[in-house]
Structure formats: C-alpha cells, structure tokens
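Reviewing the structure listed below.
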Amino acid sequence: MTTIDVPAAIDPVDRPEGSAAGAEAFSGTLLSNATRISEFAEEAAALASPSYLWLGDAASAYSDHAAAFAKKHEPMAATLKRVARGVDVFAEQLRTLLSEHTDLQGDITAYHRDRTDLIADVNAADDVTEAEIAALQERARSLTSRQSGILSDISSFTQRVTANEDFLVQLFTGADTVSEARKATGGIDPLALAVIGSMPAAGDGPEKMAAWWAGLSEAEQDALIAAYPERLGSADGLPARTRDDANRLLLDSDLTELRLKEEEGTLTSAERQRLENAEAAETALKLADDYVVPGTDEKPGGTLWLYDPDAFDGDGRVAIGVGDLDTADDVSIQIPGIRTEMTDAPGYAQQAANLYESARYGGDGSSVATLFWLGYDTPAGDLLEWGEVPSESYAEEGGSRLADAVDGLRASRADDPAHMTAIGHSYGSTTTSFAATDHDLAVDDVALVGSPGTGPAENASDFSVGADHVYAGRNSRDLVGFLGDEGWVGKDDVFDVGLGMDPSSEDFGAQRFEAESTSRWPVINTTDHEKYFDRDTESLYNLGRIVDGHGDDTNSADQSYDPWWRDPVDPEWDRDPTSNERDRSDTGMD
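The following block contains the structure:
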C-alpha cells in the first residue's frame, strides 16, 4: 500500500502588538518636550552670564544656580531627543513587520487550502494508477517544501518582532530615571554604545564603512540609527536605505524643534535659515515619495541620501533620490550649478522625477533610480545676470566631493554594481569635469548640459570614462553654453568668460545629442539654459537614454566648430526642434 505523507498544518502567527502611527505621534510629543527643556536650558545659560548691572554675592549665587540648572537640563533634552528617534525607528520597523504579517497569513491560508485539496484527493483515490500516485506524491513533496519555507519565515519574523520590542524596552529603561536622563549617554541602547566605537573613520574609505555595517546585526543597526543618526546620515559606504532612515530622523527632529520655536517667537536668524532648509527638504522629499509613474500605480519612493542644513554657512547640503538606489540597475546623479542652495531642493527633486520618467519611457525595462546631489558649495556669483564667471576653485573642491559620493554609492552595493551616469548642468558640468579628470570619477557615463566649460579637461579623452562615454547637450540659444572655449580663440583668456572648453564643440570630441527646445528664443538668452530637464524635450529624452545605458542610441547632433575666419558655427541653430512627447499608450504609461 502506498503512503502519501501530507505535511502538518501550520499554526497562525500572532500579529505584532502596537500601532506605528501611535508610536510616531508619541515620538512627536517627546520631541516637543525635548525642545522645551532645551529652551529652558538655553535661557538658563544666558541668565548665568555675569551682568555689570547686578554684582555681589546674590548675583554670584544666582549665576551659579542658573549655570547648574542649564548643565542638568541640556543632557535631559538630548536624552529625550534620542528616545524620540528610537521610537521612530521602532515605528518604522513595526510598520514593516505588520505588512509582513499580512503576507505571512496569506501564505499560510494558501498553504492550508492546497493541503486540504491534497487530503481530499488522497482520500478519494481508490483504484489509482502509478502515475496518479506519483502526481500525489509530488504534490505532497511540494507542499512539504512550502511548509519548510513558511516555517523558516515565521521563525525569522518572530525573532525580529521580539528584537524590535526588546529594542523599545531597552530604549526606555536606559532613561527611566532622572539620573540616567542626565547622563550624556542616557537613552542610548547599550548595543549602540558597544558598537559605535568600532565605526570606521571617513578617511578609512567607503569600502571599510560598508564592510563594518554589513557585519552588524539588525538589532545593532537599528540601535545605531536611533542613537547616532547624525553620524550615519552622511557616511559614504552605508546603504541608501540606512542613510535615508537616519536623515529622516534628523529632518523630523529639526522640523519639530524649529517649528515649536517659531510658534513661540524664539527663532534666531541662524535657526530660521535652518528651518527654511529643513522645510525645503521636507517638500522635496514629499515630492519624491508621492511621485507616481504615469499610467501605473507604481511609487518608486524617495530617498533622503544627504541632509546637512547648516553646511556652507547656511546654504546647506542635500541629496534626494527617486527610486531604489540600493537595487536599481541604472543610477544617475545630477550635479547642479551656481547659486544652488538647499532651498532650491524641490525644483531639483522634480527634475529627478522627470529624469526617472524619461529613463523608464525610453528604457529597456531595467530598474532606475535618479539622485539630485547638492553636496558641494556652489558659487554665489550670478553668471546668468551679471556676466560674472565664478572661480574654478568651487568646482575643483566639488569634484573631489562628488567623486567621494559616487565611491560611497559604489561601495554600498559592491556585490551588485549599477550602471551609473553623472549629469552635470551649468557650473555643475565643470564640477563633474574636475571629478572625471582629477579624481577618477567611478561612473560609466558622463553627460554635460548647458556647460560654461570643462575646467581641466581639454578633450573628452581626458575623462576617466573615456571619450566614447562622454555626452554633451547644448541648446543653441543658451548663453551659458555659449561661454566655453571653441576653436583657436580662448574666451577665458580674451574675454574673461567661460571655464574651459565647450564640450559640444568639435575640438572637445564628446558625443553631442539634440537638446533644442520647441519654445526656444530666437536669440541667445538665459531662459533656455533652464530647460534641459523639462518634460517632453529633446534633452530629457536623450538623457533618459544615456541613464538607461543606451547612450549609443541618442538622437545625435552635429558638433559646433570654429572656421577661424568667422564666428563659431552651431549646426543646431537652424534646425527645427521637435517635441519628444511619445505615444504613451505604447509603453503602458498614459
């Protein structure tokens, strides 16, 4: 008699307790209280300063008391902030676990349905053939394999639920007394304290940072994000998801604290600038988070890859991505030009979304992520209005920072490298040129649009990617793109304009692509300089092809040239521009 071994039923899995939304609301309350305590401490410290209007023993006693009050309350405020951040980490993990619980229950339900069907078929089998018995045995083996996988998933799930709950308990018990809260380490998970000392220095390189992070347990990683987000949010080599988690905590903390101070009328001028930067990052991140691929229900999601609102004397540093930077097949990084500050982030996030859309429309189906990166100090001069040309020193320093950022992206996914493209716009193209010429920029392709000059590079072959992977787009009416050197006359030398070679010129040797606008002006102007990332334009279409890894399939344009006996000639000047708005029904996106 043949036996069919049907695997056992699977017990239901308990739903994780708690509410992610409730935890986040509680975190906001903690942050508000931390802000108030911090303000008390600041006021006390100010009152502790000696006054020439009040002297004597009473004044000294009051000053000492105020100083002691401030000293006690500053760490308490810091502790509450750390606990609030930890609650946010718990909430995010809980939200993920609740979603996984729903999936697990679905798997268990489907397993039980198929198990019931198998048992019914086995019981109904009477006079069956060997082939029918073999089919039943195969179904039983398949079901057993599914059972094993589900039980493994349940084990991992329950362990992570327990770890998340233990994390919250340790977070609270580490600061549940006044004495603990007054300690500099109050509220920090012991796991974080034990591990943070082993964190590599930035100078050790992103590869060591990536290896260190990969060697930590999930519980250790969560503890560190909650306790030290300021150290992780800008650490090159860490996964984009980790940096995003840390930077969102910092952003939420800033917004809560600074908006409360704004309501109370206690914002300093520096804090007001910080709030403006934080709110710009919030708006830009929301745009990236809410972006929906046209014609689908897909939300690629946003990433706050860099958040530093105080950098560069208040101009700030920020980088925001659209799509999954940790897994995407094709990744681009956009480098902006002069006068770009953190408050400009929403507009550049929209450009990143436009570029994502273009790469998806014109792509081969591979996954995409686009990153707007303002990680360097842009010049404050106004090239567009006053004809001033900023020093190359900003681009030189920015090129070094850009190369480091790309190295960090590479190191964070060394086992799954992406096809990566750097796109420099305006002065950002000069910055990109320094990175690709002097710092071995680790990208596959470089595209320069609206460039005033390529800095140290005299030919596309000077770039680390090689001449065949350097692309240039210039609207023939773009004043800034007209400033680069071309032919035998060096505009930088003769007219004190431009920042090196024009990358769209014959002498430079890059692959030029069509970048005219259907709404271009009849004369050279600055307005056309801002259209390279506009939807349904020649430039955006071709940039999307390059990002997708098909730069050899762009709509090429003839290079400009200088016949020496007359002004330089741009063959694009007389060509009628076309709109690249395609029939979206062909792509399923409309």
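Counted the way UniProt numbering counts, the sequence shown spans residues 1 to 590. Ideal Cβ placement from N, Cα and C applies to all residues, glycine included. As the structure is a computational prediction, the values presented were derived from the model and not from experiment.
Around the C-beta of residue i, are 16 or more other C-beta atoms found within 10 angstroms, so that it is buried, or is it exposed?
i           : result
residue 522 : exposed
residue 112 : exposed
residue 269 : exposed
residue 92  : buried
residue 244 : buried
residue 300 : buried
residue 474 : buried
residue 172 : exposed
residue 531 : buried
residue 369 : buried
residue 423 : buried
residue 99  : exposed
residue 516 : buried
residue 555 : exposed
residue 591 : Residue 591 lies beyond the stretch modelled for the chain, which goes from 1 to 590, so this question has no answer here.
residue 155 : exposed
residue 141 : exposed
residue 495 : Its pLDDT being 46, under 50, residue 495 is placed unreliably in this model, and the value from its coordinates should be taken loosely. Looking at its Cβ environment, which holds fewer than 16 other Cβ atoms inside 10 Å, residue 495 is exposed.
residue 387 : In this prediction, residue 387 scores a pLDDT of 47, lower than 50, which makes its location untrustworthy; the coordinate-derived value is nonetheless stated afterwards. Exposed: under 16 other Cβ atoms inside 10 Å.
residue 593 : The structure shown has nothing for residue 593, since the chain only spans 1 to 590.
residue 222 : buried
Grouping DSSP H, G and I as helix and E and B as strand, with all else coil, what is residue i?
i           : result
residue 475 : coil
residue 374 : strand
residue 438 : helix
residue 561 : strand
residue 385 : Interpretation of residue 385 is limited by its pLDDT of 43, a score under 50 that renders its predicted location unreliable; no figure is taken from the coordinates.
residue 421 : strand
residue 618 : There is simply no residue 618 to check, as the chain begins at 1 and stops at 590 in what is shown.
residue 380 : coil
residue 332 : strand
residue 584 : Low confidence applies to residue 584: its pLDDT is 36, below 50, so where it sits in the model is not reliable, and the reading given next is rough at best. If DSSP states are grouped into helix, strand and coil, residue 584 belongs with the helices.
residue 344 : helix
residue 513 : strand
residue 555 : coil
residue 308 : strand
residue 278 : helix
residue 495 : With a pLDDT of 46 at residue 495, under the threshold of 50, the predicted position of this residue should be treated as unreliable, though the coordinate-derived value follows. Reduced to three states, the DSSP call for residue 495 is coil.
residue 456 : coil
residue 317 : strand
residue 9   : coil
residue 20  : helix
residue 132 : helix
residue 261 : helix
residue 391 : coil
residue 287 : helix
residue 199 : coil
residue 356 : helix
residue 574 : helix
Using DSSP's beta-bridge definition, name the partner residues of residue i.
i           : result
residue 337 : Answer is none; residue 337 lacks a bridge partner.
residue 302 : 322
residue 448 : 424, 472
residue 505 : 560
residue 525 : 478
residue 369 : 331
residue 569 : 561
Cβ of residue i less than 8 Å from any chain C Cβ?
i           : result
residue 529 : Among the chains of the structure shown, chain C does not appear; only one protein chain is present.
Since residue i and residue j are thought to touch, with beta carbons under 8 Å apart, how far apart are those beta carbons, to the nearest angstrom?
i           : j           : result
residue 151 : residue 412 : Not confirmed; about 32 Å, so no contact.
residue 97  : residue 16  : 5 Å
residue 136 : residue 125 : 7 Å
residue 338 : residue 379 : 5 Å
residue 319 : residue 372 : 6 Å
residue 303 : residue 325 : 6 Å
residue 195 : residue 168 : 18 Å between Cβ atoms; not a contact.
residue 375 : residue 352 : Not really, about 14 Å apart at Cβ, beyond 8 Å.
residue 90  : residue 33  : Rounded, the Cβ-Cβ distance is 18 Å, inconsistent with contact.
residue 4   : residue 122 : 5 Å
- Query: So, do the region 272–281 and the region 254–261 have three or more beta carbon pairs nearer to each other than 8 Å?
  - Reply: The answer is yes - the region 254–261 touches the region 272–281, with three or more Cβ pairs under 8 Å.
- Just checking, does the region 498–509 make contact with the region 317–334 on the three C-beta pairs under 8 Å criterion? In this structure the region 498–509 does not lie against the region 317–334, because fewer than three pairs of beta carbons, one per stretch, are closer than 8 Å.
- Query: How do the region 79–90 and the region 246–254 stand: do at least 3 beta-carbon pairs fall below 8 Å, yes or no?
  - Reply: Remark: three or more beta-carbon pairs, one from each stretch, lie closer than 8 Å, so the region 79–90 and the region 246–254 are flagged as touching.
- Item | At least three beta-carbon pairs within less than 8 Å, the region 420–435 to the region 397–408 | Counting Cβ pairs under 8 Å, three or more are found: they touch.
- Query: Is the region 470–485 touching the region 445–454 in the sense that three or more CB pairs, one from each, lie closer than 8 Å?
  - Reply: Segments in contact, yes.
- Pair every Cβ in the region 554–571 with every Cβ in the region 527–537, then say whether three or more of these pairs are closer than 8 Å. No, the region 554–571 is not in contact with the region 527–537.
- Query: Is the region 276–291 touching the region 330–349, taking contact as three or more C-beta pairs under 8 Å?
  - Reply: As far as the Cβ criterion goes, the region 276–291 touches the region 330–349, which means the pair count is three or higher.
- Message: Quick check: the region 286–295 against the region 224–241, are at least 3 beta-carbon pairs closer than 8 Å?
- Response: Flag = no, the region 224–241 and the region 286–295 do not touch.
- Query: Taking one C-beta from the region 346–362 and one from the region 536–555 each time, how about it: are there three or more such pairs within less than 8 Å?
  - Reply: Using a Cβ-Cβ distance cut-off of 8 Å, the region 346–362 and the region 536–555 are in contact, since at least three pairs of beta carbons, one from each stretch, lie closer than that value.
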